[in-house]
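Note that the numbering used here has the sequence shown beginning at 38, numbered continuously upward.
Don't be surprised by glycine CBs; every beta carbon is placed ideally from N, CA and C.
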Amino acid sequence: MSFFEFSDELKALDKKALEKVKPYFDEIEKVTEYNQQKVLKAFIDNRVSEPDLGISTGYGYDDIGRDKLDKVLAQCLGTEDALIRHSFASGTHTLSVALFGILRPNDKVLSLTGRPYDTIIGVFGIDEKTDGSLADFGIEYSQVDLKADGTPDIEAVKAALKKDKYKMAYIQRSRGYSLRPSLHIAELKELCDAVREVSPETVIMVDNCYGEFVEMNEPSQAGADLFAGSLIKNAGGGIAKSGGYIAGKKKYVEMCAHRMTCAGVGREIGATLGHNRELYMGLFFAPHTVGEALKTAVYAAAVFELLGFKVSPRPDEKRADIIQSIILGSREKMIAFCKGLQSGSPIDSFVSPEPSYMPGYTDDVIMAAGAFTLGASIELSADGPLREPYALWMQGGLNFHSAKTGILLAVKNMKENER
Ligand SMILES: *Cc1c(COP(=O)(O)O)cnc(C)c1O
Numbered sequence: 038m039s040f041f042e043f044s045d046e047l048k049a050l051d052k053k054a055l056e057k058v059k060p061y062f063d064e065i066e067k068v069t070e071y072n073q074q075k076v077l078k079a080f081i082d083n084r085v086s087e088p089d090l091g092i093s094t095g096y097g098y099d100d101i102g103r104d105k106l107d108k109v110l111a112q113c114l115g116t117e118d119a120l121i122r123h124s125f126a127s128g129t130h131t132l133s134v135a136l137f138g139i140l141r142p143n144d145k146v147l148s149l150t151g152r153p154y155d156t157i158i159g160v161f162g163i164d165e166k167t168d169g170s171l172a173d174f175g176i177e178y179s180q181v182d183l184k185a186d187g188t189p190d191i192e193a194v195k196a197a198l199k200k201d202k203y204k205m206a207y208i209q210r211s212r213g214y215s216l217r218p219s220l221h222i223a224e225l226k227e228l229c230d231a232v233r234e235v236s237p238e239t240v241i242m243v244d245n246c247y248g249e250f251v252e253m254n255e256p257s258q259a260g261a262d263l264f265a266g267s268l269i270k271n272a273g274g275g276i277a278k279s280g281g282y283i284a285g286k287k288k289y290v291e292m293c294a295h296r297m298t299c300a301g302v303g304r305e306i307g308a309t310l311g312h313n314r315e316l317y318m319g320l321f322f323a324p325h326t327v328g329e330a331l332k333t334a335v336y337a338a339a340v341f342e343l344l345g346f347k348v349s350p351r352p353d354e355k356r357a358d359i360i361q362s363i364i365l366g367s368r369e370k371m372i373a374f375c376k377g378l379q380s381g382s383p384i385d386s387f388v389s390p391e392p393s394y395m396p397g398y399t400d401d402v403i404m405a406a407g408a409f410t411l412g413a414s415i416e417l418s419a420d421g422p423l424r425e426p427y428a429l430w431m432q433g434g435l436n437f438h439s440a441k442t443g444i445l446l447a448v449k450n451m452k453e454n455e456r
């Protein structure tokens, strides 16, 4: 029995792709199980209990669930301390709080992974000294470009750190909307070691968006002092409705807490308004959900490679985030893919995505997203600018079985469009 009409050709493609990905799925399962046990242990060790899932209002003093969740997350991420809050408005907001938490006027920050993710440009004030940016507060940004192959230039990083004094070294782990490889924990460690060797006082901060629970270790175990991410990506497990987290060394997390609310009260206030349960549950689900998203990415890579497209990462490549790029090569194919994927979404399946202008982008952008949480990219979604090389960035998939159906519908729509 089938609820969707797939041709024999498509069924054969599915079967072939599943055979191809089997060994990689086995690897993903191992990491998922390891991380799931790590999370379960953190819940048990911290004696998470029903009252912790309760509601606080007003100032939110003595919210035991909130304070305990910080400890649970810290244990999961291997850090001394952590802050996890529904009230971070986005990943960018969370990263911004962390940056402002640590940096002071006249400090210098060095990006070790080239130009950061689009939305962070404004936070640093890289292109223009916008109101409220770090540049506006007299914090100087500079960067070491990635090498031609997209990997960090460790020698250039060391040279830059020898030449000048930097308060912070900033590292972006995920590829964002580029075709550079994402940084594995092992590569992150090399980078952190290089910073420590030349400039031991420099605070190493990592943008960990899309990286949580993809590997057995987190940036803390690579030597990072502080890292942050979004809860509508990996760490929210597809359940958190909004929010972010900051994790790392105690003294730095405390500094961020005073920026998160205000100096003096820091983390002592902040009503959770009933979000505790979803944040606990999301964190509990996160390793599994990330595993499903990884399977979806690997499966999509296999399907599109079998169809003759260039994909990055390839199905057999070890992953450091949940993002899959597919180079479709034409505007028409990108649109057909997105329309097909959207038609296989649990929410808004009847909507037909169209390319359109997006603030901050020079070319039209198309996106497919039929998610329970607006903009949640731990849920199956794809987007990309309509320009050379006509690549789509696909990510998420709360459960593999549903997500793979979405991918098959994308292929089906592309095939129908060719006729
Ligand atoms: C998603 C993401 C962010 C934060 O983006 P928001 O849309 O603000 O959540 C930052 N850096 C990277 C690499 C990301 O992928």
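Rounded to a whole number of angstroms, what is the C-alpha to C-alpha distance between residue i and residue j?
i	j	result
A323	L149	28 Å
L120	D358	22 Å
V134	C293	6 Å
M318	T399	39 Å
K332	F62	6 Å
G345	L106	46 Å
V181	P189	8 Å
K75	A223	20 Å
D186	G151	12 Å
K202	M451	53 Å
Q73	F321	8 Å
C229	Y71	24 Å
K67	R356	14 Å
Y289	S386	44 Å
E354	P60	12 Å
Indicate the three-state DSSP secondary structure (helix, strand or coil) for residue i in the structure shown.
i	result
P422	strand
I65	helix
A126	coil
Y289	helix
E117	coil
F341	helix
E391	coil
Y317	helix
G443	helix
S279	coil
Y207	strand
S257	helix
G138	helix
V240	strand
A300	coil
K145	strand
S133	helix
Y178	strand
A408	coil
A284	strand
I363	strand
F322	helix
L216	coil
E330	Before going further, note that residue 330 is Ala rather than Glu in the sequence given. A330 falls in the helix class under three-state DSSP.
Contact criterion: CB-CB distance below 7 Å. Does residue i meet it with respect to chain B?
i	result
A265	Going by chain labels, chain B is absent from the structure shown, which holds only one protein chain.
Would a C-beta distance cut-off of 7 Å place residue i and residue j closer than the cut-off?
i	j	result
S211	G260	no
N143	K108	no
A447	F374	yes
T410	I269	yes
K57	A405	no
F250	V335	no
G102	G91	yes
L183	R217	yes
G407	I444	no
L225	A277	no
L435	A54	no
L147	S179	yes
G377	T442	no
Q432	I360	yes
S93	D104	no
P256	V243	yes
V388	M395	no
G162	R296	no
A308	G97	yes
Can you tell me the Cβ-Cβ gap for residue i and residue j, rounded? I've got them flagged as a contact below 8 Å.
i	j	result
E391	K287	Contact doesn't hold; Cβ gap of about 49 Å is too wide.
I415	N254	With 8 Å as the limit, I415 and N254 do not qualify as a contact, their Cβ atoms being about 20 Å apart.
D89	N313	6 Å
K204	K145	6 Å
F43	K449	7 Å
Ligand 3 and residue i: does the residue's C-beta get closer than 6 Å to at least one heavy atom of that ligand?
i	result
S127	Questions concerning ligand 3 fall outside what the structure shown contains, since the ligands it does hold are ligand 1.
Task: Segment contact flag, the region 147-161 with the region 345-363, C-beta cutoff 8 Å, min 3 pairs - done: no
Task: Any 3 or more C-beta pairs closer than 8 Å across the region 261-273 and the region 301-313 - done: no
Open item on the list: Quick check: the region 164-177 against the region 230-237, are at least 3 beta-carbon pairs closer than 8 Å?
Closed with: no
Open item on the list: Whether or not the region 71-81 and the region 366-385 are in contact is what I'm after, with contact meaning three or more pairs of Cβ atoms, one per stretch, closer than 8 Å; do they touch?
Closed with: no
Open item on the list: Could you check whether the region 120-132 touches the region 269-287, counting it as contact only if at least three pairs of C-beta atoms, one from each stretch, sit closer than 8 Å?
Closed with: yes
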